[in-house]
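What follows is a short report on a single structure.
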Amino acid sequence: MIPTLTWTEEGVRFIDQTRLPLEESYVLASTYDQVAEIIVTMVVRGAPAIGVSAAYGIALGAKHTKAKTTGEFAPEFEKICARLASTRPTAVNLFWAIDRMKALFAKLLSSGTPLVQVQEKILAEAHAMYEEDIAACKTMGAFGGALLPEEGGVLTHCNAGALATCGYGTALGVIRAAVEQGKRIHVYADETRPFLQGARLTAWELMADGIPTTVLCDNMAASLMRAGKIKAAVVGADRIAANGDVANKIGTYNVAILAKEHGIPFYVAAPWSTIDLATPTGEAIPIEERPQVEVTHHAGRQLTPNGVGICNPAFDVTPAKYVTAIITERGVLRAPYADSLREMELVAS
Ligand code: MRU
0 MIPTLTWTEE GVRFIDQTRL PLEESYVLAS TYDQVAEIIV TMVVRGAPAI GVSAAYGIAL
60 GAKHTKAKTT GEFAPEFEKI CARLASTRPT AVNLFWAIDR MKALFAKLLS SGTPLVQVQE
120 KILAEAHAMY EEDIAACKTM GAFGGALLPE EGGVLTHCNA GALATCGYGT ALGVIRAAVE
180 QGKRIHVYAD ETRPFLQGAR LTAWELMADG IPTTVLCDNM AASLMRAGKI KAAVVGADRI
240 AANGDVANKI GTYNVAILAK EHGIPFYVAA PWSTIDLATP TGEAIPIEER PQVEVTHHAG
300 RQLTPNGVGI CNPAFDVTPA KYVTAIITER GVLRAPYADS LREMELVAS
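If you count the sequence shown from 1, position 208 lands on 207 in numbering that gives the first Met the number 0, and the numbers rise without skipping.
The following block contains the structure:
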């Protein structure tokens, strides 16, 4: 399994996703602030991986505190959470993980738990999130793999794979499971401008698994769909609103519209930690604007004329009406999503 992030005695070890596929190198974060920087610079990226990274960042902050008691540590705990929460605004898994740690800490503080035990319990919670994430991906894979065709092309956008999670992946987990079920899938990976998660990361991890993969420039999908080469599309998500609107990597919306026009199913695979029932529709999802240099430059080389206008929204929102099904570890949801999401939440709680 690809070691996206690993807890070690020295800190959290991340595979450096900015250097893949040409270089497989690792970065060690030994402070929570370094974890925050690693999230901002996208050494680690992908909604579930960001959430678990933040949880380990909090564990590092707790480990290295100079406070002597849990009460003394409380204001520092808030500061650590605020720093990690400031890194990337769209992936709700980040806030889900931080809120889960806050709830745990509040319980430990109010019960007078000694600091050394608080440190242990925070780390244990981060480990639990890590394990739960892999298990959720495997379950999603089993549900979603069954939806994919017996054979043919499956389009994916960005990287919703092992590298975006603690292992196995969401959209790529669905594809992996379909292949494990004996389906003959050929993956079409959108290159995913400007950060090239598809061309660099999806292609790298699928090739490592021996899954046939073709990289497409972002403007090629329509033509391939028309030619009958794509039988389904499956993507991940950074946040799914209560009505089923899906925020995911910029360009996902284009894929969804094209899929609908060509009568191709468009699936979204995401763990329940990506579902945000407190956000009513996609309109209310904050969309991260990334630095202009990601668009103006590639590998240090300038592509655009000085002074030209640039926009770089990292995500877009696909309205629920384009989504054929949402695949989660709790099951496969169908429209109307306002009802199916709410019912699934009630059943689970
Ligand atoms: O900007 P990124 O690379 O963090 O964006 C990642 C995506 O958009 C993924 O599709 C999403 O986080 C789901 S990952 C399982």
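The C-beta atom is built at its ideal place from N, Cα and C for all residues, glycine as well.
According to DSSP, is N242 part of a helix, a strand, or is it coil?
coil
Using a Cβ-Cβ cutoff of less than 7 Å, which residues in the same chain neighbour M206 once the five nearest sequence positions on both sides are dropped?
T212
Give me the Cβ distance between M139 and E328, rounded to the nearest whole Å; I'm assuming they're in contact under 8 Å.
5 Å
Whole angstroms are fine: how far does the CA of S339 sit from the CA of V346?
10 Å
Just how far apart, CA to CA, sit F76 and S110?
16 Å
Alpha carbon to alpha carbon, how far is T112 from I121?
12 Å
Beta carbon of T40 nearer than 8 Å to that of F314
no
How is T278 classed by DSSP in three states: helix, strand or coil?
coil
Is any non-hydrogen atom of the ligand MRU found closer than 7 Å to the C-beta of V34, if you look at the structure I gave you?
no
Which runs of the alpha helix (DSSP H) fall wholly inside the stretch 194 to 248 and span at least 4 residues, in chain order?
202 to 207 and 220 to 225
Helix, strand or coil for R300? Go by DSSP, reduced to three states.
strand
Between the stretch 234 to 241 and the stretch 297 to 310, are three or more C-beta pairs nearer than 8 Å?
no
Where does L108 sit, in a helix, a strand or coil, going by DSSP?
helix
Taking 7 Å as the cut-off, is the beta-carbon of M128 closer than that to any non-hydrogen atom of the ligand MRU?
no
Any heavy atom of the ligand MN closer than 7 Å to the Cβ of C157?
This structure simply doesn't include the ligand MN; it includes the ligand MRU instead.
Other residues of its chain near K67: CB distance less than 8 Å, five sequence neighbours each side excluded
L114
Are there any heavy atoms of the ligand MRU lying less than 7 Å away from the beta-carbon of M370, as far as the coordinates show?
No answer is possible for residue 370: the residues shown for the chain start at 0 and end at 348.
Quick one: any contact between the stretch 149 to 166 and the stretch 180 to 200, if contact means 3 or more CB pairs under 8 Å?
yes
Where H126 falls: helix, strand or coil (DSSP)
helix
Is any non-hydrogen atom of the ligand MRU found closer than 7 Å to the C-beta of R44, if you look at the structure I gave you?
yes
Looking at N247 and the ligand MRU, is the gap between the Cβ and the nearest heavy atom below 7 Å?
yes
Please look up how many angstroms separate the CB atoms of I49 and L19, rounded, as I've assumed it's under 8 Å.
The pair is not a contact, with the Cβ atoms about 17 Å apart (cut-off 8 Å).
Rounded straight-line distance, which links the Cα of I57 to that of I79
6 Å
Do M41 and the ligand MRU come close, with the Cβ less than 7 Å from some heavy atom?
yes
From the DSSP output, in three-state form, read off Y31 for me.
helix
Can you check which of these residues, A283, W271, I14 and G181, is closest to G330 by C-alpha distance?
W271
Where M128 falls, given that 16 or more other Cβ within 10 Å makes a residue buried:
buried
If the criterion is Cβ atoms closer than 8 Å, does the pair I239 and D208 meet it?
no
With a Cβ-Cβ cutoff of 8 Å, do L162 and L200 count as a contact?
yes
If I measure Cβ to Cβ from R12 and keep anything under 6 Å in the same chain, skipping five residues before and after, which residues do I get?
T5, Y25 and L27
Comparing alpha-carbon positions, which option in L147, V186, I309 and E204 lies nearest Q180?
L147
With DSSP collapsed to three states, give me the class of L4.
strand
Which value, in whole angstroms, describes the spacing of the CA atoms of E288 and I249?
11 Å
Buried or exposed, going by whether 16 or more other CB atoms sit within 10 Å of the CB of C136?
buried
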